[in-house]
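A quick write-up on the structure given underneath.
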Amino acid sequence: MQRFFLSAQNIDIENKILKIEGSDSKHIAQSLRMKQGDTITVCDMQKFEYSCEIISINDFVTAEIISISKNDTEPNYKAYLYQALPKNDKMDYIVQKAVELGVYEIIPFISERCISRPDKKSVDNKVSRWQKISEEAAKQCGRGIIPVVRSVIDYEKALADAVGTKFLCYEGDGTESVAKIICESESDISFFIGPEGGFSMREVAAARGRSLRAVGLGKLILRCETASGFVLACLSYEKNLI
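Be aware that the sequence shown starts at 13, since it is given in the working numbering, and climbs by one per residue.
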C-alpha cells in the first residue's frame, strides 16, 4: 500500500477525513494515477498510521480514515548520528541508509579533516536535498517518522549538543568496545563518525573532555559511509528489533 506522511493539522480524526496537498497530491494523481476508492497509508509523524480510502482527487486529495493503528516499526530508542561532512555525494548514501536502519536525527558537522567545506548557500541546498532523501527512505522502508537532517554545525557545538549515551567512533588506541557501550546505552544515543581522514587526537581529547567515550568498531577500519550503518545495525540487534 502506498505510504505518505502528513502533519496532524491536516488530519480530522473526529470526522475521519484527511487532506493531502502539494507534491504528494500530484504524485497520487499524476505519477501513481490513483483514483477514488483506492487505499493508502498515511503516517502522522507521531507514530500513528491511518489506513485510508481516497474520496476525491482535485487540486488536493481527500481521503476517508478507515482505521488507525500504532506504528510498530520505530525503535524504542532515539539514535542521533553526528556525521562529519564527507567528500562528494557520500552524504546522500549515509542519510538514506541511516534512515533505513532506524536513525532518529542526523546532524552534519565540520571537523578538522573535512575536505568538504561548502558555503552557506551550498549547505542550505545540500541539507534540503538530504531531508528529501530522508523522506523518501522513510516512505520506502515503512518508518513511522521522517528523521530530521539538521543544519551543518561546527565540531564544538556538536559535542555540546549531544545527549544521552555519547560516544565517538575512533580507530586509534585506548578505545572501548562498541558492544559494551551499546549494552549500557540509554534510550537516547548520540554517536560521532569522522570524515575520510578520521578524527585528530585533539578532537578525541575534546570529545573525552565532554564526557564522550572513544569506541572502536572492531579490528577492521571502516569507511566513513559504512561506519554509521554498522553502529545502527548493532543497536537494532542489541535492542531486539531484528
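Every residue, glycine too, gets a C-beta built ideally from N, C-alpha and C.
Suppose you measure from the CA of residue i to the CA of residue j; what does that come to, to the nearest Å?
| i | j | result |
| --- | --- | --- |
| Glu33 | Val107 | 25 Å |
| Lys102 | Val243 | 17 Å |
| Cys55 | Glu61 | 5 Å |
| Trp142 | Ile157 | 15 Å |
| Thr53 | Tyr167 | 39 Å |
| Ser68 | Val115 | 35 Å |
| Lys138 | Glu147 | 14 Å |
| Ala226 | Arg220 | 7 Å |
| Leu232 | Leu247 | 19 Å |
| Leu113 | Pro120 | 17 Å |
| Leu44 | Phe16 | 13 Å |
| Glu26 | Gly186 | 58 Å |
| Ser134 | Val160 | 18 Å |
Enumerate in chain order the residues of its own chain whose CB-to-CB distance from residue i is below 7 Å, with the five nearest sequence positions on each side excluded.
| i | result |
| --- | --- |
| Phe211 | Ser123, Leu180, Tyr182 |
| Leu30 | Leu18, Asn22, Ile23, Asp24, Val54, Tyr62, Cys64, Ala75, Ile77 |
| Lys109 | Gly241 |
| Glu215 | Ser123, Glu124, Tyr167 |
Specify, as a first and last residue, the run of the beta strand (DSSP E) that residue i falls within.
| i | result |
| --- | --- |
| Cys64 | 60-69 |
| Glu117 | 117-122 |
| Ser79 | 73-82 |
| Lys90 | 90-96 |
| Ile52 | 51-55 |
| Val227 | 225-228 |
| Ile42 | It should be pointed out that residue 42 corresponds to Gln in this sequence rather than to Ile. Premise fails: Gln42 is in no beta strand (DSSP E) and is neither H nor E. |
| Gln14 | 14-17 |
Going by DSSP, what residue range makes up the alpha helix (DSSP H) through residue i?
| i | result |
| --- | --- |
| Gly156 | From DSSP, Gly156 is part of no alpha helix (DSSP H); its letter is neither H nor E. |
| Tyr249 | 236-250 |
| Ser35 | 34-38 |
| Gln108 | 102-112 |
| Arg214 | 213-221 |
Once you ignore the five residues that flank residue i on each side, which residues in its own chain have a CB closer than 6 Å to its CB?
| i | result |
| --- | --- |
| Ile127 | Lys99 |
| Ala218 | none |
| Arg235 | none |
| Asn83 | Lys59, Glu61, Gly156 |
| Ala174 | Ser202 |
| Ala41 | Ile69 |
Who are the near neighbours of residue i in its chain, counting only those whose CB is closer than 8 Å to its CB and skipping five residues on each side?
| i | result |
| --- | --- |
| Gly176 | Lys90, Tyr92, Ser197, Glu198, Ser199, Asp200, Ile201, Ser202 |
| Arg222 | Leu171, Ala172, Ala174, Lys178 |
| Residue ranges of each beta strand (DSSP E) within the segment 169-200, 3 or longer | 177-181
| query | Are there three or more Cβ pairs, one per stretch, closer than 8 Å when the segment 159-166 is compared with the segment 183-197? | reply | No, because fewer than three Cβ pairs between the segment 159-166 and the segment 183-197 fall closer than 8 Å, the two stretches do not touch.
| field | Cβ contact (3+ pairs, closer than 8 Å) linking the segment 36-44 and the segment 68-84 | value | yes
| query | Does the count of Cβ pairs from the segment 88-96 and the segment 201-211 closer than 8 Å reach three? | reply | yes
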